[in-house]
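The structure appears right after this line, and notes come after that.
Residue numbers (the numbering used here): 58 to 485.
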């Protein structure tokens with residue numbers, strides 16, 4: 058079995074079912090969570106079942122780009138054996154080959170979990186009527202926004218060794234790389250992010266951003282890419298729709314989301330004053346429909362970082378779920394202002410999304426029959442993005458509704474001469 062075939066699979070190893078994404082081992086009623094380093098070791102061994110894998114190869118795959126002694130490998134083998142219930146004197150799973158390496162003695166098979174019944178839990182008419190069209194992508198975006206404003210302080214003790222310091226720096230570098238992959242929002246990059254976060258955790262288990270980042274990436278996998286590789290991609294619009302469709306309640310999803318919650322909780326324990334960790338925990342709660350807990354964490358994130366615009370967007374969605382539309386709009390407006398305050402520091406992340414948030418605010422006001430406020434926001438969007446398609450269309454509709462045909466035609470003419478056709482302009 059190749060490395061790629063087990064890299065992100067659920068596999069069967071003897072009596073154990075192993076989820077290589079979450080690190081969960083299941084043997085009947087028994088459940089064991091693998092730590093990140095033993096999990097990477099299991100992946101490396103499972104890629105070549107029945108074959109001797111040299112110590113040097115294992116150390117390179119588990120601790121890439123690091124100088125690691127055989128003692129570290131031996132300790133990790135010990136921890137993996139302990140999790141599997143393996144006796145080194147009479148090994149059932151992992152055999153030591155003196156002076157060479159280790160061999161996974163069990164056959165490895167890809168495990169296909171059963172699909173749950175179709176009558177999954179629905180959230181009711183309230184969620185179905187929520188206006189969440191644009192907030193979909195933004196609900197999940199940018200796992201480590203807080204680290205852009207307030208870098209994670211180094212935690213090297215006064216007596217810490219140079220290698221410990223380098224280890225933490227390596228973890229931080231890997232986490233930043235993972236963040237960049239995560240923000241691309243496609244399946245391949247999300248898988249790359251998961252792998253890099255896990256390597257960062259293996260390098261420095263107490264680095265909170267790696268924990269929260271991995272939590273976010275695992276949740277994204279459940280929401281956006283639950284389908285098999287050879288199946289047609291699903292159309293993902295927003296979290297509430299994913300919950301209604303039962304994507305968060307499959308057997309595999311439940312396990313992964315529980316693991317994500319544990320990762321986020323650990324991140325908060327490691328660094329309770331980190332807004333990013335709080336937001337990740339809120340995301341994990343919200344995905345499991347624990348909306349009160351999610352609201353608490355989002356509010357805590359905003360308290361810790363008044364510019365945590367991502368958490369504000371998430372909190373706005375919670376208010377929508379709770380049928381508080383005006384409060385939802387208020388928090389969205391706060392998010393827009395926070396974006397403006399930190400635009401220079403985060404322009405690459407904010408630029409693609411701020412106009413859409415402004416347009417969403419206008420649409421939310423329209424839903425409340427507040428046309429004056431809606432028009433103000435559509436014009437505000439066009440002030441920062443002159444040819445934003447949705448805001449332009451919405452403003453033209455308002456003009457037509459108020460019989461301002463002349464200005465509507467002028468706006469249509471300008472847009473169509475520079476960008477292209479608009480459906481709303483065909484009405485004139």
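Note that beta-carbon positions come from the ideal geometry of N, C-alpha and C, so glycine has one too.
According to DSSP, residues forming a beta bridge with residue i
{"i": "residue 68", "result": "75, 167"}
{"i": "residue 153", "result": "159"}
{"i": "residue 111", "result": "158"}
{"i": "residue 84", "result": "87"}
{"i": "residue 147", "result": "144"}
Straight-line gap, residue i to residue j (C-alpha atoms, nearest Å)
{"i": "residue 370", "j": "residue 389", "result": "6 angstroms"}
{"i": "residue 280", "j": "residue 159", "result": "37 angstroms"}
{"i": "residue 339", "j": "residue 469", "result": "42 angstroms"}
{"i": "residue 31", "j": "residue 83", "result": "Limits of the chain in this structure are 58 at one end and 485 at the other, which puts residue 31 out of reach."}
{"i": "residue 163", "j": "residue 74", "result": "12 angstroms"}
{"i": "residue 408", "j": "residue 483", "result": "30 angstroms"}
{"i": "residue 299", "j": "residue 290", "result": "14 angstroms"}
{"i": "residue 471", "j": "residue 400", "result": "28 angstroms"}
{"i": "residue 111", "j": "residue 157", "result": "6 angstroms"}
{"i": "residue 356", "j": "residue 368", "result": "8 angstroms"}
{"i": "residue 444", "j": "residue 419", "result": "16 angstroms"}
{"i": "residue 263", "j": "residue 103", "result": "27 angstroms"}
{"i": "residue 467", "j": "residue 240", "result": "38 angstroms"}
{"i": "residue 108", "j": "residue 260", "result": "26 angstroms"}
Own chain, CB closer than 8 angstroms to residue i, minus 5 neighbours either side, in chain order
{"i": "residue 454", "result": "481"}
{"i": "residue 122", "result": "227"}
Proximal residues to residue i (C-beta, below 6 angstroms), its chain only, five neighbours per side dropped
{"i": "residue 343", "result": "351"}
{"i": "residue 116", "result": "125, 130"}
{"i": "residue 245", "result": "none"}
{"i": "residue 395", "result": "364, 366"}
{"i": "residue 448", "result": "416, 435, 438, 439"}
Cβ-based burial, residue i [other Cβ within 10 Å; buried from 16]
{"i": "residue 477", "result": "exposed"}
{"i": "residue 278", "result": "buried"}
{"i": "residue 383", "result": "exposed"}
{"i": "residue 25", "result": "Residue 25 lies beyond the range of the chain shown here (58 to 485); nothing can be said about it."}
{"i": "residue 267", "result": "buried"}
{"i": "residue 485", "result": "exposed"}
{"i": "residue 285", "result": "exposed"}
{"i": "residue 462", "result": "exposed"}
{"i": "residue 85", "result": "exposed"}
{"i": "residue 405", "result": "exposed"}
{"i": "residue 380", "result": "exposed"}
{"i": "residue 359", "result": "buried"}
{"i": "residue 229", "result": "buried"}
Residue i: CB within 8 angstroms of a non-hydrogen atom of the ligand COA
{"i": "residue 319", "result": "This structure lacks the ligand COA, and indeed carries no ligand of any kind."}
Supposed contact pair residue j and residue i - C-beta distance, whole angstroms, cut 8 angstroms
{"i": "residue 439", "j": "residue 431", "result": "Not really, about 13 angstroms apart at Cβ, beyond 8 angstroms."}
{"i": "residue 97", "j": "residue 69", "result": "No, residue 97 and residue 69 are not in contact; Cβ-Cβ is about 19 angstroms, not under 8 angstroms."}
{"i": "residue 345", "j": "residue 307", "result": "Not quite, the Cβ-Cβ distance comes to about 13 angstroms (not below 8 angstroms), so this is no contact."}
{"i": "residue 274", "j": "residue 251", "result": "5 angstroms"}
{"i": "residue 80", "j": "residue 316", "result": "7 angstroms"}
{"i": "residue 155", "j": "residue 258", "result": "No, residue 155 and residue 258 are not in contact; Cβ-Cβ is about 31 angstroms, not under 8 angstroms."}
{"i": "residue 137", "j": "residue 151", "result": "7 angstroms"}
Beta carbon proximity, residue i to chain C, threshold 9 angstroms
{"i": "residue 252", "result": "Looking at the structure shown, chain C is missing, and only one protein chain is on hand."}
Cβ-based neighbour list, residue i, same chain, cut-off 7 angstroms, excluding 5 preceding and 5 following
{"i": "residue 140", "result": "82, 89, 91, 95"}
{"i": "residue 473", "result": "479, 482"}
{"i": "residue 322", "result": "338"}
{"i": "residue 253", "result": "231, 234, 235, 238"}
{"i": "residue 393", "result": "411, 414, 415, 418"}
{"i": "residue 436", "result": "452"}
{"i": "residue 276", "result": "314, 317, 340, 341, 344"}
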